[in-house]
Ligand SMILES: Nc1ncnc2c1ncn2[C@@H]1O[C@H](COP(=O)(O)OP(=O)(O)O)[C@@H](O)[C@H]1O
Ligand SMILES: O=C(O)C1=C[C@@H](OP(=O)(O)O)[C@@H](O)[C@H](O)C1
Ligand SMILES: [Mg+2]
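In structure tokens, the structure reads:
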């Protein structure tokens with residue numbers, strides 16, 4: 015979900031494993047030459063999803079092992095779910111819409127949440143996406159009530175355990 019901590023925790027994990035880190039949203043902004051927020055306003059969500067698909071596919075084709083933080087809506091396209099399942103180990107950072115709403119109270123950069131009732135929007139997004147996140151994830155790490163460092167440690171433990179079994 016947006017605000018679940020993908021960018022924060024991805025950066026931590028890349029450092030822990032001495033791997034490159036790529037935030038898909040940052041790669042998209044480099045590609046489009048403006049902020050995602052402006053792009054949504056000018057071109058709309060559907061065009062954003064096309065660019066997101068293109069950038070994600072290019073990143074997943076990199077031969078180097080890389081920690082990638084996707085945007086929360088990357089699972090919406092079946093093609094992206096397929097690419098993720100095929101080329102990546104996928105972690106679903108679950109977090110409750112209520113907790114995310116508190117975290118993002120002052121955020122102005124996530125266009126989907128610039129609405130009168132961001133909590134309701136998060137509840138709606140969660141209802142649609144939770145099954146898609148679960149479909150594509152190799153495992154789920156529950157992050158509600160934990161600090162970003164604690165969540166990162168849990169993710170690291172799961173991945174490292176998987177690699178030694
Ligand atoms: N486990 C956590 N507990 C509290 N705050 C968090 C946690 N994970 C992330 N945050 C904060 O929530 C905000 C959104 O995190 P971010 O990593 O940008 O999420 P995402 O990339 O999933 O949208 C940031 O201000 C970040 O510091
Ligand atoms: O949930 C979404 O649809 C989106 C999440 C954002 O990324 P984060 O998940 O990092 O906030 C960004 O890709 C865009 O604003 C759309
Ligand atoms: Mg992010």
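Residue numbers (my numbering): 15 to 179. Note that CB positions come from ideal geometry on N, CA and C, so glycine has one too. Everything numeric in this text was worked out from a predicted model, so none of it was measured.
Each residue's CA atom was taken as its position, placing residue 102 and residue 119 some 32 Å apart. Counting along the chain, no alpha helix (DSSP H) covers residue 107; the unbroken beta strand (DSSP E) around it starts and ends at 105–108.
For residue 39, the enclosing alpha helix (DSSP H) starts and ends at 38–46. The shortest C-alpha to C-alpha distance from residue 164 to any of 17, 15, 26 is the one to 26.
The Cβ atoms of residue 42 and residue 66 lie closer than 8 Å to each other. Residue pairing by DSSP puts residue 82 in a beta bridge opposite 36. Annotation: the continuous beta strand (DSSP E) that includes residue 155 extends over 153–156. Residue state for residue 56 is assigned as helix, using DSSP reduced to three classes. By the Cβ-count criterion, residue 94 is buried, with 16 or more other Cβ atoms from all chains shown falling within 10 Å of its own Cβ.
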